[in-house]
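The structure appears right after this line, and notes come after that.
Number of protein chains: 2
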Amino acid sequence: MSKKLPKREDGFSSWYTQVVNKAGLADYGPVKGTMVIKPYGFQIWENIKEIFDKMIKETGHVNAYFPLFIPKSFLAREAEHIEGFAKECAIVTHTKLKSDGDNGIIVDPDSKLEEELIVRPTSETIIWSMYKKWIQSYRDLPILINQWANVVRWEMRTRLFLRTSEFLWQEGHTAHATKEEAQKETLDILELYKSLAENYLAIPVITGIKTEAEKFAGAERTYCIEAMMGDKKALQAGTSHNLGQNFAKAFDVKYQTKDNKEELVWATSWGVSTRLIGAIILTHGDDKGLRLPPKIAPIQVVIIPIYKSDEQKSLVKQYLVEIITNLESLGIRIYQDWTDNTPGYKFNNWEMKGVPLRLEVGPRDVENNNIVLARRDIDGKLFLSKEVTIKKIPELLNEIQNNLFSQALEFRDSNTHQASNFDELKKVIKEGGFARCGWDGKASTETLIKEETKATIRCIPLDEKPENLKCVFTGTPAKHEVIFAKAY
Amino acid sequence: MSKKLPKREDGFSSWYTQVVNKAGLADYGPVKGTMVIKPYGFQIWENIKEIFDKMIKETGHVNAYFPLFIPKSFLAREAEHIEGFAKECAIVTHTKLKSDGDNGIIVDPDSKLEEELIVRPTSETIIWSMYKKWIQSYRDLPILINQWANVVRWEMRTRLFLRTSEFLWQEGHTAHATKEEAQKETLDILELYKSLAENYLAIPVITGIKTEAEKFAGAERTYCIEAMMGDKKALQAGTSHNLGQNFAKAFDVKYQTKDNKEELVWATSWGVSTRLIGAIILTHGDDKGLRLPPKIAPIQVVIIPIYKSDEQKSLVKQYLVEIITNLESLGIRIYQDWTDNTPGYKFNNWEMKGVPLRLEVGPRDVENNNIVLARRDIDGKLFLSKEVTIKKIPELLNEIQNNLFSQALEFRDSNTHQASNFDELKKVIKEGGFARCGWDGKASTETLIKEETKATIRCIPLDEKPENLKCVFTGTPAKHEVIFAKAY
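Each protein sequence line maps, in turn, to chains A and B.
Add 871 to a position in the first sequence, counting from 1, and you land on the number used in the numbering used here.
Add 871 to a position in the second sequence, counting from 1, and you land on the number used in the numbering used here.
This is the structure in structure tokens:
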């Protein structure tokens, strides 16, 4: 906490890095691009996990665990899939180390594997090789399996939470008897993702479909939730893929229908990752540091006792008993900071860590039966009686949750603009924000725009209205309404 | 469910494999020795995880996540540690695949890593490389971190849950200012492991300390919980290590004491894994399959409706509403089997899957306001009124939990024998079971006994009474009382 946090406007990227560091969320590991998720950051992930795990279980999904290692030949079975992941694989080739005869340790060449193994970048191939064994008849369908796991993608340019060589995620992999059922699952999950983002992370998102150029390697259709970060750039926060029969074909997974025919199985896959923590920081953070939505905050209320003598300390301590008992009985996650640091240091520290609500109690507050409350989402302090405080805290947490969402929504909406021609599009992209506009549906147009503006089509929003639009680039009638933006 | 389960006495090993398969717990993955944990097996793991996670959090521990990949040089820093793991490593050497110009995919030789990476077999080295950054002063101590993760040990002879190339576990890694504090932590965790095993998994365990020959590679002292399986062999179910200052030395982790001195930090590490699921199967399983302790059973009560017509079906369905509502409100995990299979098939299937309590309801039961109950831990059926059933189920689940523990305890105790000379020891080992006896404390004696009997010292029990014992092999005064057994 020695150096001051830079202002966001003076360098958003350096601000981000320092918030991650100073709030104690994560650290780089010794291997380039790897991440250590520190306890405070990991508690955010645990809270997200608990919420989403409940959502998918309530909708009939179950968890399982599939192996980390994928035989090279499996990954290669689906052409687009291998194309998409070939350049970023961690490849296991040997299984033993030995002494070099001197003081060093070398890889034992005799332990070379017959077939190299790929550390999963995603698990479609290994899972479908198992579904091949598990699926015979329509009675075996649907399979609605999810796994919480680590995956590895050998990225060159990395940033904590946003892009790291290894990250944590959930990956759902479902198998269905019909095309319609797979499509419904893809969209149902997309709605769960939207609910997770908006109702828990307080991040407004646009649901949409990716263009061919941006879709998942091996999918028929990729749906996504896209959010606007505090620097007006877009972040893809979750994806849900309709895989069609691509993986069923690659692994020859057929089932016997009710009327005794053989059909290929239909598939979906979907995932959200620790990237969501990056999205929370980038959406809600301010010049004082992190701001956490109460529903996923490891600490919802921090209590700062203020005292100058042992006598005052015990006075404050006693005064706090009732409020702490009450908050704990409500299941509110609280933390009391009795360290030797100064109150000023403590205020800054817990603001940096994004705790939604701070209570301050000193001898004078005890005397007046008062408590001082400071909300992380707005400036200023509240002075309430002890009794009112106890009653009001759940309500305040709720207000903070909603207000963070409203602030983010207002920010996104005020930075989203219609662009009716290429100059307007370029202006929006230059100034930052989302440009909604018509697109002729051609990959070549998409590429030309990207080359000139560095912006990509984030998605075709599900609520698109392309009817009276013209393509922002070619001026021909638009096939789709799309959102262009620079992205993480 | 086509082939019948072999009796345990006709081949315990084949019985085990078939229970894992027929109960739907796990499957082998495509890479030799890897395991797919199927949803039913994974739910057991989730229940165990939830229980133990709560235990460690209540004792002040927090979760975090450290990277999967360990630089080769890190693993090599602690001499015993590398010695212990060198022969069973998965080694990552490259990061890209490419086309071979024909139709194949090959490893791109240009993507060779400068330093090879080891897929973590355990995380001491990578964690202590981070602790080096995080620990400066006594104020930074203790660090009480745990992680839930996958680890890889390239095993040649594998068996599902018991020994697989990849498995899931928790690994605690703590850092302390004093030797005493580290020792206390090691033993506190051992007690938590004992409580997890006995009070939740219903597996009686002996707490003890490993001999030098059996201790963890890099530890000063390894404590363990040892259990007796249904074939009278021992299974190490969890270990807690006092690492002394070994890893602090290897990674040069020092802290400034209150009086401004520099000291090396003291460490512990401890883990339990998906092996516990193997322990549950091997401890409680019988000739009908799995038997699960209610506290960790994915389904605690299975309900089998019995009917021959649609009219009977709706009669039974209606009759069940009250009982289901009641059980759900009590938080009891229930499952209703309305599939088209015969009642007989269903009984066998849910017995195989180890569900603690089965309710059967047919039209005659409806007429008589009755329910038929079958406990998985004892033979016979109970016939109770609907009202009594509702009231009695939580109590019955409790009884089943306790009875499974009692049965296992009785089995272990009746197969544990004192051996006062080598002939007696050999007899115990030959007939199966634990032999408690004196040992002179010499590694050579331990080796000679192992060579002749295939039994190892499972542990020096914490409640040893070596005072009047003689070494079972040499006849000289015993240094320790130990437990010999064949082990998994």
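Glycine included, C-beta positions come from ideal geometry on N, C-alpha and C.
What you are looking at is a predicted structure, and each value in this text was computed from that prediction instead of being measured.
DSSP lists no beta-bridge partner residue for R1283 of chain B. If you check the CB distance, L1228 of chain A and I1195 of chain A do not come in under 8 Å. Annotation for P901 of chain B: no beta strand (DSSP E) segment contains it, and DSSP assigns it neither H nor E. The DSSP-derived three-state label of P980 of chain A is helix. In this structure, G1160 of chain A sits away from G1089 of chain A, with a CB-CB distance that is not shorter than 8 Å.
At a Cβ-Cβ threshold of 8 Å, G1043 of chain A and N1017 of chain A count as neighbours. For the region 976-989 of chain B, the set of residues with a beta-carbon nearer than 7 Å to any beta-carbon of chain A comprises I976, V978, E987 and L988, in chain order.
When C-beta atoms of the region 1177-1188 of chain B are compared with those of the region 1090-1109 of chain B, fewer than three pairs fall below 8 Å, so the two segments do not count as touching. Neighbours of C960 of chain A in chain B, taken as residues whose beta carbon is under 7 Å from its own, are T966, K967 and L968 in chain order. Per DSSP, reduced to three states, the secondary structure at K1341 of chain A is strand. Non-local beta-carbon contacts of T993 of chain B in its own chain, meaning distances under 7 Å to residues more than five positions away in sequence, involve V1022 and E1042 in chain order. Pairing E1097 of chain B with I1077 of chain B gives a Cβ-Cβ distance under 8 Å. Residues of chain B with a Cβ closer than 8 Å to the Cβ of V933 of chain A are, in chain order, P910, F913 and Q914. At a cut-off of 3 residues, the continuous stretches assigned as beta strand (DSSP E) that sit fully inside the region 1182-1246 of chain A are 1205-1207, 1228-1232 and 1241-1246. Annotation note: the region 1035-1077 of chain A contains the following uninterrupted alpha helix (DSSP H) runs of length 4 or greater, listed N- to C-terminal: 1050-1066. Legend: CB atoms of the region 936-952 of chain B lying less than 9 Å from CB atoms of chain A belong to residues Y936, F937, P938, L939, F940, I941, P942, K943, S944, F945, L946 and A947.
Around T1316 of chain A, no beta-carbon contact reaches into chain B at under 9 Å, the shortest distance being about 30 Å. When Cβ pairs closer than 8 Å are counted between the two stretches, the region 1116-1136 of chain B is seen to touch the region 996-1013 of chain B, the count reaching three or more. Nearest C-alpha to K983 of chain B among A:P1265, A:A961 and A:T1213: A:A961. CA-CA distance, T1045 of chain A to V907 of chain A, rounds to 31 Å. Interface criterion met: the Cβ of W1025 of chain A is under 8 Å from a Cβ in chain B.
Distance between G931 of chain B and S1008 of chain B, taken at the CA atoms: about 20 Å.
Counting only runs of at least 3 residues, the region 1242-1327 of chain A fully encloses the following beta strand (DSSP E) elements, listed from N- to C-terminal order: 1252-1256, 1287-1289 and 1305-1310.
The continuous stretches of alpha helix (DSSP H) do not include V1172 of chain A, which lies in the beta strand (DSSP E) extending over residues V1172 to P1176. In the DSSP assignment, N1113 of chain A falls within the beta strand (DSSP E) that extends over A1105 to G1115. A Cβ-Cβ separation of about 6 Å places N1286 of chain A in contact with M1099 of chain A under the 8 Å criterion.
Neighbours of I927 of chain A in chain B, taken as residues whose beta carbon is under 7 Å from its own, are absent, since the nearest beta carbon is some 12 Å off. For Y1126 of chain A, the uninterrupted beta strand (DSSP E) segment begins and ends at K1125 to Q1127. Within the region 1186-1198 of chain B, contact with chain A at the beta-carbon level (separation under 7 Å) is assigned to no residue. For S1000 of chain A, the chain B residues whose Cβ falls inside 7 Å of its Cβ are P901, in order along the chain.
Per DSSP, V1136 of chain A lies in no beta strand (DSSP E) segment and is marked neither H nor E. Per DSSP, the unbroken alpha helix (DSSP H) holding L946 of chain A starts and ends at K943 to L946. Between the region 1289-1298 of chain B and the region 1248-1262 of chain B, the count of Cβ pairs shorter than 8 Å is below three; the stretches do not touch. Listed by position along chain B, the residues whose Cβ is nearer than 9 Å to that of D898 of chain A are M1001, K1004 and W1005. Under a criterion of Cβ atoms nearer than 7 Å, the residues of chain B adjacent to T905 of chain A are, in order, P938 and F940.
Per DSSP, reduced to three states, the secondary structure at H952 of chain A is helical.
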